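In the numbering used here, the protein residues as written are 3 to 463.
Inspection log for the structure reproduced underneath, given as structure tokens.
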């Protein structure tokens with residue numbers, strides 16, 4: 003007699019979300035592999051803007067070799083006139099705006115009823131991103147820079163008399179309760195996704211209360227308490243740089259905006275957390291500006307880089323919108339190719355074993371240039387040299403020109419046989435390779451010709 007046995011397969015356990023690498027918490031571990039996040043991405047409206055074709059967008063990011071995007075939750079949005087951004091994905095047409103809460107035909111929101119269309123779109127966005135190995139930074143809240151931005155928020159209905167500077171404080175219990183409910187709902191909806199992490203609030207340094215941020219981090223942590231694995235929490239610290247003196251123990255990723263030069267990395271490296279350049283993109287349209295910012299930050303010891311790419315817009319989700327003088331920043335396939343080269347360069351190293359090294363280069367750096375080094379001494383070295391250091395804050399007044407030049411760098415290396423590959427960050431090519439025997443102490447290496455920047459991959463054979 004033939005007996006049929008039906009095997010009921012238990013659901014596979016959710017993969018562990020992206021987390022800090024256990025061997026070096028300055029980097030990430032994602033799907034079993036050491037990870038840095040590098041991207042040139044749209045302006046945070048991919049989910050809340052219902053007209054935006056996010057599948058095409060995510061396909062483009064993956065095709066261009068990038069692995070991260072940043073999205074806002076929908077409690078904040080912008081108007082088309084804000085910040086001089088043309089075709090702003092974060093300023094959807096009213097009919098295309100998706101909120102976490104349902105909206106009636108009269109335009110009012112029911113803050114007690116969740117919007118199923120929003121959460122379906124959010125989860126499908128994460129699913130499509132996950133298929134492509136793209137990590138999503140989900141930003142729960144954002145500072146309301148101007149009164150009309152607060153008035154655009156669904157939460158405004160609950161507190162139209164509340165000044166926008168008090169919305170993200172502990173002063174108004176009814177608003178705080180709605181914010182708590184949203185955090186708990188998001189945590190429950192996204193608990194099984196491994197490719198998402200949370201940021202508490204975008205640019206909170208314009209009036210957002212520190213105790214409110216700590217409260218939101220606590221609410222999120224407690225909401226995930228019973229989950230098999232918890233998600234990373236990021237905190238946006240400052241524009242440019244700031245010494246973090248009392249870090250929230252619930253926060254694993256310290257984010258900075260416009261962190262050029264990357265002083266924030268060195269100032270906070272001792273905290274043993276990942277450090278991100280989480281937004282740049284208001285420094286003009288030159289690719290070289292953003293390429294240098296990315297390379298400089300990563301080789302300084304940073305963990306992720308996110309550039310605002312204005313070539314992404316509704317109707318141009320493949321990143322083909324021409325970027326010109328009417329935008330505050332740049333973007334496009336050419337820049338994304340250059341950032342892909344940074345990914346490829348980092349992949350040549352076991353960077354989890356490396357640390358910033360200030361004393362490798364002892365001579366040969368041109369007076370107007372900067373150099374950064376990551377090293378596992380005696381085994382592997384990543385060096386980046388660039389000529390972007392004109393203004394102290396790396397504003398758009400770079401001096402590049404087209405002059406080709408060479409230099410001779412003296413490196414303090416232990417004895418051994420080494421292979422050196424000189425990378426061109428702009429073209430993505432290795433311009434020169436050599437192998438040499440070294441007896442110890444100073445070793446002078448002649449660079450190939452370069453103009454704006456170059457990188458060295460140096461390894462002991």
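Idealized CB from N, CA, C, for every residue including glycine.
For clarity, every value in this text was computed on a predicted model and none was experimentally measured.
- Query: Mind checking whether residue 288 and residue 40 have CB atoms under 8 Å apart?
  - Reply: As a first step, residue 288 is located in the chain shown; it is residue number 286 there, counting from the start. As a first step, residue 40 is located in the chain shown; it is residue number 38 there, counting from the start. No. Outside cutoff.
- Query: Is the CB of residue 149 under 8 Å away from at least one CB in chain D?
  - Reply: Among the chains in the structure shown there is no chain D, since it carries only a single protein chain.
- Item | CA-to-CA distance, residue 387 to residue 294, given in whole angstroms | For the purposes of this step, residue 294 is identified with residue 292 of the chain shown, where counting begins at 1. For the purposes of this step, residue 387 is identified with residue 385 of the chain shown, where counting begins at 1. Looking at the two C-alpha atoms, the distance is approximately 9 Å.
- Task: Rounded to whole angstroms, what's the CA-CA distance from residue 452 to residue 153? Just pull it up for me.
- Result: Indexing the chain shown from 1 puts residue 452 at position 450. Indexing the chain shown from 1 puts residue 153 at position 151. Spanning the two alpha carbons is a distance of roughly 51 Å.
- Task: Please work out which residues of its chain come closer than 7 Å, Cβ to Cβ, to residue 213, disregarding the five sequence neighbours upstream and downstream, and give them in chain order.
- Result: As a first step, residue 213 is located in the chain shown; it is residue number 211 there, counting from the start. If we look at residue 213 and ignore the five residues flanking it on each side, its Cβ neighbours are 172.
- Item | Residues near residue 433 in its chain [Cβ-Cβ closer than 7 Å; skip 5 each side] | Here residue 433 is taken as the residue at index 431 of the chain shown, counted from 1. Around residue 433: 424, 426, 450.
- Is the beta carbon of residue 101 less than 8 Å from the beta carbon of residue 162? Here residue 101 is taken as the residue at index 99 of the chain shown, counted from 1. Here residue 162 is taken as the residue at index 160 of the chain shown, counted from 1. No, they are not a contact pair.
- How is residue 265 classed by DSSP in three states: helix, strand or coil? Numbered from its first residue, the chain shown carries residue 265 at position 263. Helix, per DSSP.
- Task: Consult DSSP for residue 450 and reduce its assignment to one of helix, strand or coil.
- Result: For the purposes of this step, residue 450 is taken as the residue at position 448 of the chain shown. In this structure, residue 450 counts as coil in the three-state DSSP scheme.
- Item | Reference residue 233, options 320, 189, 240, closest by Cα | Working through the chain shown from its first residue, we reach residue 233 at position 231. If we check each option's Cα against that of residue 233, 189 comes out closest.
- Message: Could you tell me the alpha carbon to alpha carbon distance between residue 318 and residue 64, rounded to whole angstroms?
- Response: By one-based count along the chain shown, residue 318 stands at place 316. By one-based count along the chain shown, residue 64 stands at place 62. Taking the straight line joining both Cα atoms gives about 16 Å.
- Query: What three-state label does DSSP hand residue 24 in the structure shown?
  - Reply: The residue labelled residue 24 in the question sits at position 22 within the chain shown. Coil at residue 24, not helix or strand.
- Query: Going by alpha carbons, who is nearest to residue 166 out of 195, 131, 208?
  - Reply: As a working mapping, residue 166 is identified with position 164 in the chain shown. Ranking the options by Cα distance to residue 166, first place goes to 208.
- Query: Mind checking residue 324: buried by the 16 CB within 10 Å criterion, or exposed?
  - Reply: As a first step, residue 324 must be located in the chain shown, where it is residue number 322. Exposed, because fewer than 16 other Cβ atoms sit within 10 Å of the Cβ of residue 324.
- Distance, Cα to Cα, residue 93 vs residue 281? On the chain shown, residue 93 is found 91 positions in, with the first residue counted as 1. On the chain shown, residue 281 is found 279 positions in, with the first residue counted as 1. Roughly 18 Å separates the two Cα atoms.
- Item | Rounded separation between residue 119 and residue 300 - CA only | For the purposes of this step, residue 119 is taken as the residue at position 117 of the chain shown. For the purposes of this step, residue 300 is taken as the residue at position 298 of the chain shown. C-alpha separation (whole angstroms): 38 Å.
- May I ask you to report which of helix, strand or coil DSSP gives residue 497? There is no way to answer for residue 497, as the model of the chain reaches only from 3 to 463.
- In terms of DSSP beta bridges, what is residue 212 paired with? To locate residue 212, count along the chain shown from 1; it is residue 210. In DSSP, residue 212 forms no bridge with anything.
- Item | Three-way DSSP call (helix, strand, coil) for residue 342 in this model | Along the chain shown, read from residue 1 onward, the residue named residue 342 stands at position 340. Residue 342 falls in the helix class under three-state DSSP.
- Query: Does the Cβ of residue 44 have 16 or more other Cβ atoms within 10 Å, making it buried, or fewer, making it exposed?
  - Reply: Within the chain shown, numbered from 1, the residue matching residue 44 stands at position 42. By the 10 Å Cβ count, residue 44 comes out buried.
- Run through DSSP, which three-state label would residue 259 get? Within the chain shown, residue 259 is the residue found at index 257, counting from 1. Here residue 259 sits in strand by DSSP.
- Task: Determine, using beta-carbon pairs with one atom in the region 211-227 and one in the region 254-269, whether at least three such pairs fall under 8 Å.
- Result: no
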